[in-house]
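Below you'll find the structure, written out as structure tokens, and then a few comments.
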Amino acid sequence: MNISTLSHLKIKPIKIIIKITTLIAINTNLVLAKAQLLNFTTGKFTPYSTGSTDRPEGPMHDVILATCTQMRKDCFFHFVPWNFSIMMTQNNRTTGFFPTVKNSSSENWLKFSKPIINSEFGFFTYKSKKNIDSTRNLQGFKLATHGPSELMRQLVQLSQDIPNSILYIDQDIENSFKRFSDSNKNNFKNYAVLADKITGEYLINSLKLKNVHYRLKVADIQYSVGFPKKALKQQLLLSLTHL
Numbered sequence: 001m002n003i004s005t006l007s008h009l010k011i012k013p014i015k016i017i018i019k020i021t022t023l024i025a026i027n028t029n030l031v032l033a034k035a036q037l038l039n040f041t042t043g044k045f046t047p048y049s050t051g052s053t054d055r056p057e058g059p060m061h062d063v064i065l066a067t068c069t070q071m072r073k074d075c076f077f078h079f080v081p082w083n084f085s086i087m088m089t090q091n092n093r094t095t096g097f098f099p100t101v102k103n104s105s106s107e108n109w110l111k112f113s114k115p116i117i118n119s120e121f122g123f124f125t126y127k128s129k130k131n132i133d134s135t136r137n138l139q140g141f142k143l144a145t146h147g148p149s150e151l152m153r154q155l156v157q158l159s160q161d162i163p164n165s166i167l168y169i170d171q172d173i174e175n176s177f178k179r180f181s182d183s184n185k186n187n188f189k190n191y192a193v194l195a196d197k198i199t200g201e202y203l204i205n206s207l208k209l210k211n212v213h214y215r216l217k218v219a220d221i222q223y224s225v226g227f228p229k230k231a232l233k234q235q236l237l238l239s240l241t242h243l
């Protein structure tokens with residue numbers, strides 16, 4: 001991803017780490033797939049994956065597209081809702097989808113490229129003097145994120161140790177942040193959104209939420225390309241995922 005892309009996102013370059021070794025590795029591996037037409041699906045996940053049906057954009061798309069261009073390989077991208085992206089991959093209608101996160105559930109049916117983007121996720125809240133240095137300080141909060149996703153899985157797990165919490169699961173993380181608007185403040189005074197840090201900071205800026213900030217880091221997170229185990233021949237699968 002070039003600096004102009006980062007500048008457009010208004011994010012310091014150090015906050016997104018594109019592993020160039022991944023691009024070089026995929027380059028090498030695509031040579032082994034000369035007869036294979038590669039199709040990738042992705043969905044809206046600002047700012048990593050954006051665009052429209054016929055024009056996906058974002059850093060992960062840029063990495064894969066650059067690889068395809070260097071290898072003179074035709075790769076097609078489909079920008080669809082996340083549930084369709086997952087469904088297409090499960091039904092063997094796509095070579096792989098991105099961005100995705102490796103966990104015990106996804107490993108049952110996916111193989112992964114090495115991480116392309118490193119980030120972190122945590123809770124966003126209203127700015128206040130309230131001490132929030134642990135998830136236990138979110139007792140009685142309304143908690144939101146988007147799903148199905150890794151963040152939804154994390155929030156459900158975290159909420160088990162947060163007494164009296166109420167969960168909101170949105171299809172689009174942007175809707176979770178829109179509850180921070182002034183018109184909702186009375187109903188959502190004690191409110192927190194679990195989100196990727198870069199995604200959250202991007203949405204705070206684009207939605208002009210002046211009284212919201214990143215409050216509590218939960219963990220680091222890595223985004224990769226996921227390839228369905230059943231759809232690809234073992235030799236090709238190893239080629240695409242091995243670095």
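Quick note: the sequence shown, position 152, residue 152 per the UniProt record's numbering, numbers continuous.
Backbone N, C-alpha and C fix where the C-beta goes; we use that ideal spot for every residue, glycine too.
Check, Outcome
"Ala33 in three-state terms, based on DSSP", "Residue placement at Ala33 is poorly supported in this model, since its pLDDT is 47, which falls under 50; the coordinates still yield a value, given next. Three-state result, Ala33: coil."
"Three-way DSSP call (helix, strand, coil) for Val212 in this model", "strand"
"Rounded C-alpha distance that separates Asp54 from Ser165", "40 Å"
"Option nearest Met60 by Cα separation, candidates Gln90, Asn118, Asp74", "Asn118"
"Alpha-carbon to alpha-carbon, Arg215 and Ile132", "7 Å"
"Proximal residues to Thr89 (C-beta, below 6 Å), its chain only, five neighbours per side dropped", "Phe97, Pro228"
"Span of the beta strand (DSSP E) around Asp62", "Run containing Asp62: none in the beta strand (DSSP E); it sits in the alpha helix (DSSP H), 59-70."
"Buried or exposed by the 16-neighbour rule on C-beta atoms within 10 Å, applied to Pro99", "buried"
"Inter-stretch contact (C-beta, 8 Å, three-pair minimum) for the region 74-82 and the region 155-165", "no"
"Endpoints, beta strand (DSSP E) assigned at Asn39", "38-42"
"Candidates Thr46, Glu120, Asn92, of which the one nearest Ile221 by Cα", "Glu120"
"Secondary structure, beta strand (DSSP E): runs of 3+ residues fully inside the region 66-154", "75-79, 96-100, 110-112, 117-126, 142-146"
"Backbone CA spacing between Gly58 and Ser49 [nearest angstrom]", "5 Å"
"DSSP three-state assignment for Tyr202, whether helix, strand or coil", "helix"
"For Ile162, the three-state DSSP class (helix, strand or coil)", "coil"
"Neighbourhood of Phe141 by C-beta distance below 6 Å, restricted to the same chain and skipping five residues each side", "Ser165, Asn190, Ala192"
"Exposed unless 16 or more other CB atoms sit within 10 angstroms - verdict on Ala219", "exposed"
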